[in-house]
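Below: the structure, in structure tokens.
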Amino acid sequence: APAHYAVHALNLHQARVAWRDANSPDLQTLAQLSVKGHVQALTGTPQGEFDVTLSSLQLAKLQTALAMTWPVNLQQGQASAQLHIQWAQPAHDAPEVKAMGQVQAADVALQDKAAHTSLSFKTLQLQLDQLDLRQRMLKVSELVLDQPQVRLQLVAAIPPSTGSADATAAQA
2 APAHYAVHAL NLHQARVAWR DANSPDLQTL AQLSVKGHVQ ALTGTPQGEF DVTLSSLQLA
62 KLQTALAMTW PVNLQQGQAS AQLHIQWAQP AHDAPEVKAM GQVQAADVAL QDKAAHTSLS
122 FKTLQLQLDQ LDLRQRMLKV SELVLDQPQV RLQLVAAIPP STGSADATAA QA
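Numbering-wise, the working numbering comes out as the position in the sequence shown, counting from 1, plus 1.
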């Protein structure tokens, strides 16, 4: 019988998530990451369970690193999270990913591309009771938003005058 191997423990402590911009040779740090948990990958159903701590995630750098077009520019902000994540890959089914924990964002500022709308806040705290990606379910027990600010610039589109309405009013 072939030998079976399994990873029973996975620990990353003070790991760094980084990226390199194509225009710069320097490595940019996006966040600090700590992962502790276990994986069963080669025997039975592949599965794992992890405690993840993400800190100092630079949101503006993340938007740049993802190189995606978004309707808003993340001008500044940091995010962090403490999550317990469970993962499994059943034999003939979609993967299961479940998470619970806390997510925080601080000193966030966003602005739309035309600079007509901006949103900022000091802190956002989210208590995530259950996230089940397979079931597309999210349960949140607490959401705290501190010092939110919204700025709107209303732009009215006034149709050009044709002159006929003004002439008609002058004749009356």
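The C-beta atom is built at its ideal place from N, Cα and C for all residues, glycine as well.
Problem set entry | DSSP three-state assignment for residue 64, whether helix, strand or coil | When DSSP states are grouped into helix, strand and coil, residue 64 belongs to the helix group.
For this session: Helix, strand or coil for residue 69, going by three-state DSSP, please let me know.
Result: coil
Exercise. CB residue 84 to CB residue 101, shorter than 8 angstroms?
Worked result: Note that the C-beta distance between residue 84 and residue 101 is below 8 angstroms.
Problem set entry | Beta-carbon proximity of residue 19 to residue 55, cut-off 8 angstroms | no
For this session: Consult DSSP for residue 96 and reduce its assignment to one of helix, strand or coil.
Result: In the structure shown, residue 96 falls within a coil segment according to DSSP collapsed to helix, strand and coil.
Exercise. Would you say residue 123 and residue 108 are within 8 angstroms of each other, going by their C-beta atoms?
Worked result: Residue 108 is positioned such that its CB atom lies closer than 8 angstroms to that of residue 123.
For this session: Classify residue 144 as buried or exposed, calling it buried when 16 or more other Cβ atoms lie within 10 Å of its own Cβ.
Result: exposed
Exercise. Relative to the C-alpha of residue 59, which residue among 66, 31 and 43 is closest?
Worked result: 31
Exercise. Do the CB positions of residue 62 and residue 105 come within less than 8 angstroms of each other?
Worked result: no
Exercise. When we look at the beta-carbon of residue 129 and count the other beta-carbons within 10 Å, is it buried (16 or more) or exposed?
Worked result: When all chains shown are included, residue 129 counts as buried.
For this session: Return the bridge partner residues of residue 102 from the DSSP annotation.
Result: Residue 102 pairs with 84 and 129.
For this session: For residue 180, count neighbouring C-beta atoms within 10 Å of its own C-beta (all shown protein chains included) and say buried if the count is 16 or more, exposed if not.
Result: Since the first residue of the chain shown is 2 and the last is 173, residue 180 is not available in this structure.
Problem set entry | For residue 137, three-class secondary structure by DSSP | coil
Exercise. Where does residue 154 sit, in a helix, a strand or coil, going by DSSP?
Worked result: Here residue 154 carries a coil assignment [DSSP, helix/strand/coil].
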